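Residue numbers (the numbering used here): 19 to 396. Built from N, CA and C at the ideal position, the CB exists for glycine as well. The model shown is predicted, which means the values in this text are computed figures rather than measured ones.
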């Protein structure tokens with residue numbers, strides 16, 4: 019409450035728009051001060067409490083802050099909290115083993131960490147807003163918009179950039195986790211098989227398969243594919259010996275290559291490594307949503323070709339599944355490191371640009387500490 023009163027006191031023209039009777043240094047009484055005299059001149063006409071507030075560089079829960087000039091220390095003091103928010107959120111959401119085994123605990127840490135990070139910038143900004151309202155509602159004090167813009171500049175933008183950092187880190191972290199780290203972690207917990215002959219295995223026997231290298235007799239019948247349209251085209255094609263589906267109505271066809279938006283539905287299957295002549299390999303599709311859609315496509319395929327599919331299993335068509343599996347994790351780590359390097363640089367540049375914008379507002383009179391009156395012409 020006391021901080022809000024001090025903010026209102028400092029923002030009012032009675033204390034910042036100094037009267038024409040004040041003098042500075044060895045000046046003459048009655049001579050008006052110039053609007054370009056800067057903060058040092060302002061301090062000479064202030065009370066000791068206001069001067070003490072202006073000298074504080076850390077404005078957390080203090081209504082006034084250094085504005086318009088940024089040295090290395092000031093820049094660091096402004097940028098460290100948004101950078102910390104970005105690093106915390108991104109590292110938490112991409113901690114694969116921890117998140118895979120304790121999704122609920124990760125959510126708790128996420129929200130508790132955000133509450134702690136936002137406490138100081140949100141509190142500082144709320145204190146200034148409360149000061150402005152207390153100065154304008156129920157009193158005769160008139161608050162200058164230019165003074166409000168000046169003193170709220172850094173508290174507002176620091177809070178805004180913390181929120182932007184959190185949103186960006188959340189988006190990047192969830193993307194990397196769901197597309198790179200989570201599939202890799204799931205496949206790591208499954209079995210790898212080599213020289214798999216589709217004539218000798220069924221979906222029941224291959225239920226724990228994650229990484230599969232098929233035998234030289236295996237192929238994909240791309241001409242006898244199946245698909246459904248549901249916002250996207252979900253395409254499947256049977257993995258069979260010789261690459262040709264045999265007219266055997268009694269046998270269950272359980273092994274399928276699968277992909278999204280890579281067939282004309284109906285039409286030829288062109289998903290994954292379809293154009294490479296190598297022996298086919300596969301990475302198990304582990305996304306439950308996609309597995310459900312591919313299951314519907316297999317039902318359409320079975321009805322069209324008069325076949326059974328008791329336990330269908332879906333693979334992404336690759337030629338070297340082990341290498342692709344390792345590259346998937348490495349690509350996720352690379353994107354994470356790039357984000358951790360780029361975000362601090364971008365945030366620092368943002369504060370430099372905002373500092374220049376504040377100086378421009380001061381020059382054109384839209385952001386002044388107290389709306390000092392201009393000196394009359396001589």
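- [ ] For residue 184, count neighbouring Cβ atoms within 10 angstroms of its own Cβ and tell me buried if that reaches 16, exposed if not.
- [x] Position 166 of the chain shown, counted from the start, is the residue given in the question as residue 184. Buried.
- [ ] Compute the Euclidean distance between the alpha carbons of residue 135 and residue 206, then round it to the nearest angstrom.
- [x] Here residue 135 corresponds to residue number 117 of the chain shown, with the count starting at 1. Here residue 206 corresponds to residue number 188 of the chain shown, with the count starting at 1. Taking the straight line from one Cα to the other gives about 35 angstroms.
- [ ] State yes or no: is the C-beta of residue 180 within less than 8 angstroms of the C-beta of residue 139?
- [x] Your numbering for residue 180 matches position 162 in the chain shown. Your numbering for residue 139 matches position 121 in the chain shown. Closer than 8 angstroms, so yes.
Task: Rounded straight-line distance, which links the Cα of residue 178 to that of residue 400 - done: Given that the chain is displayed from residue 19 to residue 396, the structure contains no residue 400 and the question cannot be resolved.
Task: Limits of the beta strand (DSSP E) - the one that residue 327 falls within - done: On the chain shown, residue 327 is found 309 positions in, with the first residue counted as 1. That residue, residue 327, is in no beta strand (DSSP E); it is neither H nor E in DSSP.
Task: Continuous beta strand (DSSP E) stretch holding residue 275: start and end - done: By 1-based counting over the chain shown, the position of residue 275 is 257. First-last of the beta strand (DSSP E) with residue 275: 273-278.
TODO: Leaving aside the five residues before and after residue 240 along the sequence, list all residues of the same chain whose C-beta is less than 6 angstroms from its C-beta, in chain order.
DONE: Translated into positions along the chain shown, residue 240 becomes position 222. These residues qualify, in order along the chain: 255, 286 and 287.
Task: For residue 173 and residue 99, the rounded distance between their alpha carbons - done: For the purposes of this step, residue 99 is identified with residue 81 of the chain shown, where counting begins at 1. For the purposes of this step, residue 173 is identified with residue 155 of the chain shown, where counting begins at 1. The alpha-carbon atoms of residue 99 and residue 173 are separated by roughly 12 angstroms.
- [ ] Measuring alpha carbon to alpha carbon, tell me which of 290, 109 and 146 ends up nearest residue 303.
- [x] The residue you call residue 303 lines up with position 285 of the chain shown. Selected option, being the one with the closest Cα: 290.
Task: Beta-carbon proximity list for residue 112, same chain, < 7 angstroms, skipping 5 on both sides - done: The residue labelled residue 112 in the question sits at position 94 within the chain shown. Cβ neighbours of residue 112 beyond the five flanking positions: 191, 194, 195, 199 and 354.
- [ ] Decide if residue 214 is buried, meaning its Cβ has at least 16 other Cβ atoms within 10 Å, or exposed.
- [x] Against the chain shown, residue 214 aligns to sequence position 196. Residue 214 should be labelled buried.
Open item on the list: Tell me which residues share the same chain as residue 143 and place their Cβ nearer than 7 angstroms to its Cβ, disregarding the 5 neighbours each side in the sequence.
Closed with: Here residue 143 is taken as the residue at index 125 of the chain shown, counted from 1. Hits under 7 angstroms: 173, 174 and 177.
- [ ] Have a look at residue 381 and residue 374 and give me their C-alpha separation to the nearest angstrom.
- [x] The residue given as residue 381 occupies position 363 in the chain shown. The residue given as residue 374 occupies position 356 in the chain shown. Roughly 11 angstroms separates the two Cα atoms.
- [ ] Quick one: using the 10 Å Cβ neighbour count with 16 as the cut-off for buried, is residue 326 buried or exposed?
- [x] Taking the chain shown and counting its residues from 1, the one referred to as residue 326 is at position 308. Classification for residue 326: exposed.
- [ ] Tell me where the beta strand (DSSP E) around residue 302 begins and ends.
- [x] Reading the chain shown from its first residue, position 284 is the one you call residue 302. Per DSSP, residue 302 belongs to the beta strand (DSSP E) from 299-302.
- [ ] Would you list the one or two residues that DSSP bridges to residue 351?
- [x] Reading the chain shown from its first residue, position 333 is the one you call residue 351. Bridge partners of residue 351: none, in fact.
Open item on the list: When you compare the CB positions of residue 257 and residue 318, do they come within less than 8 angstroms of one another, or not?
Closed with: Working through the chain shown from its first residue, we reach residue 257 at position 239. Working through the chain shown from its first residue, we reach residue 318 at position 300. No.
Open item on the list: Considering only DSSP beta bridges, list what residue 237 is partnered with.
Closed with: Locating residue 237 in the chain shown gives position 219, where the first residue counts as 1. In DSSP, residue 237 forms a bridge with 258.
Task: Nearest candidate by alpha-carbon position, reference residue 296, set 342, 349, 306 and 232 - done: Numbered from its first residue, the chain shown carries residue 296 at position 278. Ranking 342, 349, 306 and 232 by Cα distance to residue 296 puts 232 first.
Task: Supposed contact pair residue 330 and residue 313 - C-beta distance, whole angstroms, cut 8 angstroms - done: Working through the chain shown from its first residue, we reach residue 313 at position 295. Working through the chain shown from its first residue, we reach residue 330 at position 312. Going by Cβ atoms, the distance from residue 313 to residue 330 rounds to 6 angstroms, so yes, they are a contact pair.
Open item on the list: Whole angstroms are fine: how far does the CA of residue 97 sit from the CA of residue 365?
Closed with: For the purposes of this step, residue 365 is taken as the residue at position 347 of the chain shown. For the purposes of this step, residue 97 is taken as the residue at position 79 of the chain shown. C-alpha separation (whole angstroms): 7 angstroms.
- [ ] For my contact list, residue 211 and residue 236 are in at a C-beta cut-off of 8 angstroms; report their separation, rounded to the angstrom.
- [x] Indexing the chain shown from 1 puts residue 211 at position 193. Indexing the chain shown from 1 puts residue 236 at position 218. No, residue 211 and residue 236 are not in contact; Cβ-Cβ is about 12 angstroms, not under 8 angstroms.
Task: Residue environment, residue 249, which counts as buried when at least 16 other CB atoms sit within 10 Å - done: The count along the chain shown starts at 1 and reaches residue 249 at position 231. The residue in question, residue 249, is exposed, as its Cβ has fewer than 16 Cβ neighbours within 10 Å.
Open item on the list: DSSP three-state label for residue 113, please.
Closed with: Looking up residue 113 in the chain shown gives position 95. Reduced to three states, the DSSP call for residue 113 is coil.
Open item on the list: On the DSSP letters alone, give me the boundaries of the alpha helix (DSSP H) that residue 317 sits inside.
Closed with: The residue you call residue 317 lines up with position 299 of the chain shown. Taken as a continuous stretch (DSSP letters only), the alpha helix (DSSP H) holding residue 317 covers 306-323.
Open item on the list: Pop quiz: residue 315 and residue 221 are said to be a contact at Cβ under 8 angstroms. What is the actual Cβ separation, rounded to whole angstroms?
Closed with: Numbered from 1 along the chain shown, position 297 holds the residue referred to as residue 315. Numbered from 1 along the chain shown, position 203 holds the residue referred to as residue 221. That belief does not hold up - the Cβ atoms of residue 315 and residue 221 are roughly 15 angstroms apart, past 8 angstroms.
Open item on the list: Applying the 10 Å Cβ sphere with the 16-neighbour rule, what's the burial state of residue 121?
Closed with: What you label residue 121 is simply residue 103 of the chain shown in a count that begins at 1. Result: exposed.
Task: Pairwise C-alpha distance: residue 342 and residue 131 - done: The count along the chain shown starts at 1 and reaches residue 131 at position 113. The count along the chain shown starts at 1 and reaches residue 342 at position 324. Distance between the alpha carbons of residue 131 and residue 342: 35 angstroms.
Open item on the list: Let's see if you can read the secondary structure: which residues bound the beta strand (DSSP E) around residue 212?
Closed with: The residue labelled residue 212 in the question sits at position 194 within the chain shown. From DSSP, the beta strand (DSSP E) with residue 212 extends over 209-214.
- [ ] Could you check if residue 79 is buried or exposed, using at least 16 other CB atoms within 10 Å of its CB as the buried criterion?
- [x] Mapped onto the chain shown, residue 79 falls at position 61. With a pLDDT of only 34 at residue 79, under 50, the local geometry of the prediction cannot be trusted, and no value is derived from it.
- [ ] Taking residue 232 as part of the alpha helix (DSSP H), name the residues at either end of that continuous run.
- [x] Taking the chain shown and counting its residues from 1, one reaches residue 232 at position 214. Run containing residue 232: none in the alpha helix (DSSP H); it sits in the beta strand (DSSP E), 227-232.
Task: Environment of residue 359 [buried if 16+ CB atoms lie within 10 Å] - done: The sequence position of residue 359 within the chain shown is 341, counting from 1. Exposed.
Task: Same chain only: Cβ atoms within 6 angstroms of residue 230, ignoring 5 sequence neighbours per side - done: Translated into positions along the chain shown, residue 230 becomes position 212. 211, 214 and 300, listed in sequence order.
Task: Sub-8 angstroms separation of residue 308 and residue 279 beta-carbons - done: Residue mapping note: residue 308 aligns to position 290 of the chain shown, counting from 1. Residue mapping note: residue 279 aligns to position 261 of the chain shown, counting from 1. Cβ distance not < 8 angstroms, so residue 308 and residue 279 don't count as in contact.
Open item on the list: Let me confirm a value: residue 356 is counted as buried when at least 16 other C-beta atoms fall within 10 Å, else exposed. Which label applies?
Closed with: In the chain shown, residue 356 corresponds to position 338, counting from 1. Result: exposed.
Open item on the list: If contacts are defined as beta-carbon pairs under 8 angstroms, then residue 275 and residue 369 qualify, I think. What distance do you get, rounded to the angstrom?
Closed with: On the chain shown, position 257 is the one that residue 275 refers to. On the chain shown, position 351 is the one that residue 369 refers to. Not confirmed; about 50 angstroms, so no contact.
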